[in-house]
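Heads up: the structure comes next, in structure tokens.
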Amino acid sequence: MPLLKCSKEELNLGAVLLSGQSFRWKKLVTNVDENIAPSSDDIFFGVAKHRVWKVWRENDEQLGYELGIELIPLYKLWSENDKHFARLLANHRTKLEGIRVLGQDPLETVFAFICSANNHIRRITNMVETLCELYGESTNVSCLNGIKTFYDFADLKRMTDDPSLETVLRTRGFGYRALNIALASKALQDNGEQFLENLSKGTYENAVEELQQMRGIGAKVADCICLMGLRMHFVVPIDTHTLQITAENYLGTLLQRKSLQEKDRRQVAAIWQEKFGPYAGWAQAVLFTAHLRQMNIRQPTRRSLKIKTVKL
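Heads up: the sequence shown at position 293 corresponds to 293 in the UniProt record's numbering, and the numbers run straight through without jumps.
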């Protein structure tokens with residue numbers, strides 16, 4: 001069973017997996033099954049990279065792997081550059097440490113964030129799960145309460161081959177997003193993965209321009225795809241939470257504006273990038289979590305992560 005040596009200062013499981021970056025993870029709380037997690041109450045199940053993942057914290061004596069991007073130096077730099085960040089971290093360190101941006105499959109982020117438009121995390125999660133149940137490969141995994149079925153992300157070919165895709169999704173509560181998903185699947189059916197990979201190697205400006213050619217992808221959704229799917233770490237998606245944080249701490253005149261224009265969005269992003277540098281999108285993830293007041297994450301000791309996977 002692979003182990004990833006990683007302190008909570010570098011990876012806060014609950015805050016990262018359940019905060020709206022990805023919509024494929026759920027937490028199971030248990031302290032009765034020693035075969036699953038002998039030293040932790042919090043277990044997370046999710047599907048990524050064609051596998052079912054079961055992740056929890058073990059002890060600090062196991063050998064494993066280092067994460068590629070260290071958060072501790074970034075948190076230190078952000079605290080030095082921004083008094084608001086420093087104050088929040090000082091007051092809520094154990095709840096805000098270890099928040100990083102997931103590196104997700106680009107194709108998955110396109111459809112997940114199309115679902116996110118004018119939506120909330122619980123409903124987005126249900127929509128993404130429904131899409132996977134309808135068009136993804138399934139596998140059965142033994143859990144505490146019996147056998148549970150998990151689904152890989154929706155297969156692009158299955159979606160495009162279904163002439164009733166839009167109708168099916170509308171009957172399952174997707175609303176106008178059903179048409180957006182159907183059109184996006186058609187647009188990406190030929191070399192979609194290569195198209196997105198090419199975008200990740202190009203400029204941010206070109207990526208957002210190309211992404212917004214697809215119906216249902218506006219500025220915010222395009223930025224989410226760039227940050228979480230194309231690994232453009234400096235990108236700061238602008239939503240109501242980010243605007244409120246900016247208005248309250250960095251740009252008071254934002255409150256006087258009746259509507260947000262494209263130039264305003266660029267100004268807000270520039271403020272964040274100037275303060276937080278090439279990982280501004282990661283800093284935004286921390287302050288976003290603080291703004292949502294997701295403060296119900298318990299503080300485990302410094303332990304390694306134990307990861308179990310089942311291939312789909």
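Just so it is clear, CB atoms sit at the ideal spot from N, CA and C, and this is done for glycine as well. Please read all numbers here as calculations on a predicted model, not as lab measurements.
(message) I need the DSSP call for D162, collapsed to helix, strand or coil.
(response) Locating residue 162 in the sequence shown gives position 162, where the first residue counts as 1. Here D162 sits in coil by DSSP.
(message) Just to confirm before moving on: does the CB-CB distance between V236 and Q284 stay below 8 Å?
(response) Stepping through the sequence shown from its first residue, residue 236 is reached at position 236. Stepping through the sequence shown from its first residue, residue 284 is reached at position 284. Going by C-beta atoms, V236 is nearer than 8 Å to Q284.
(request) Return the CA-CA distance between E95 and D162, expressed in angstroms with no decimal places. (result) If you number the sequence shown from 1, residue 95 lands on position 95. If you number the sequence shown from 1, residue 162 lands on position 162. What sits at residue 95 in the sequence shown is Lys, not Glu. Cα to Cα, the separation comes out at about 44 Å.
(message) Quick check on A48: does DSSP put it in helix, strand or coil?
(response) Mapped onto the sequence shown, residue 48 falls at position 48. Looking at A48 - three-state DSSP - the assignment turns out to be strand.
(message) For a test of the three-state rule: what should DSSP assign to G146, helix, strand or coil?
(response) What you label residue 146 is simply residue 146 of the sequence shown in a count that begins at 1. Reduced to three states, the DSSP call for G146 is strand.
(request) Apply the 10 Å Cβ neighbour rule to L88 and answer buried if 16 or more other Cβ atoms are within range, or exposed otherwise. (result) One-based indexing of the sequence shown puts residue 88 at position 88. Classification for L88: buried.
(message) Could you tell me the alpha carbon to alpha carbon distance between D152 and A270, rounded to whole angstroms?
(response) For the purposes of this step, residue 152 is taken as residue 152 along the sequence shown, with counting starting at 1. For the purposes of this step, residue 270 is taken as residue 270 along the sequence shown, with counting starting at 1. Taking the straight line from one Cα to the other gives about 37 Å.
(request) Can you give me the start and stop residues for the alpha helix (DSSP H) that H84 sits inside? (result) Sequence index remark: in the sequence shown, residue 84 carries index 84 (1-based). Where H84 is concerned, the enclosing alpha helix (DSSP H) stretches over 83-96.
(request) Any chance you could list the alpha helix (DSSP H) runs of at least 4 consecutive residues sitting entirely within the stretch 252-277, in chain order? (result) Assignment of alpha helix (DSSP H) within the stretch 252-277, counting only whole runs of 4 or more residues, yields 262-276 in chain order.
(request) Say whether chain D places a C-beta atom closer than 8 Å to the C-beta of G103. (result) As a matter of chain content, chain D is missing from the structure shown, which is built from one protein chain.
(request) With DSSP collapsed to three states, give me the class of V221. (result) Here residue 221 refers to the residue found at position 221 of the sequence shown. Correct three-state label for V221: helix.
(message) Among C132, M232, D239, L17, whose alpha-carbon lies nearest the alpha-carbon of K220?
(response) Along the sequence shown, one-based indexing puts residue 220 at 220. Cα-wise, what sits closest to K220 is D239.
(message) I'd like to know whether the C-beta atoms of L287 and I245 end up nearer to each other than 8 Å.
(response) Translated into positions along the sequence shown, residue 287 becomes position 287. Translated into positions along the sequence shown, residue 245 becomes position 245. Result yes, Cβ atoms of L287 and I245 sit closer than 8 Å.
(message) Output needed for M295: all residues of its chain with C-beta closer than 6 Å, excluding positions within five of it in sequence on either side, in chain order.
(response) One-based indexing of the sequence shown puts residue 295 at position 295. For M295, the predicted model reports a pLDDT of 37, less than 50, meaning its position is unreliable; a value from the coordinates is still stated below. The residues are K95.
(request) Find the nearest neighbour of P234 within the set N206, Q273, Q256, E210, judged by alpha-carbon distance. (result) Within the sequence shown, residue 234 is the residue found at index 234, counting from 1. Pro is not the amino acid found at residue 234; the sequence shown has Phe there. With distances taken between Cα atoms, F234 lies closest to Q273.
(request) Given a cut-off of 8 Å, decide if L71 and E10 are closer than it, judged by their beta-carbon atoms. (result) Your numbering for residue 10 matches position 10 in the sequence shown. Your numbering for residue 71 matches position 71 in the sequence shown. Contact flag set, yes.
(message) Checking 8 Å against the spacing of the C-beta atoms, do I114 and N198 come in under that value?
(response) Working through the sequence shown from its first residue, we reach residue 114 at position 114. Working through the sequence shown from its first residue, we reach residue 198 at position 198. Contact flag unset, no.
(request) Examine the Cβ distances between the stretch 41-48 and the stretch 11-26 and report whether three or more of them are shorter than 8 Å. (result) yes
(request) Return helix, strand or coil for V208, following the three-state DSSP convention. (result) Against the sequence shown, residue 208 aligns to sequence position 208. Correct three-state label for V208: helix.
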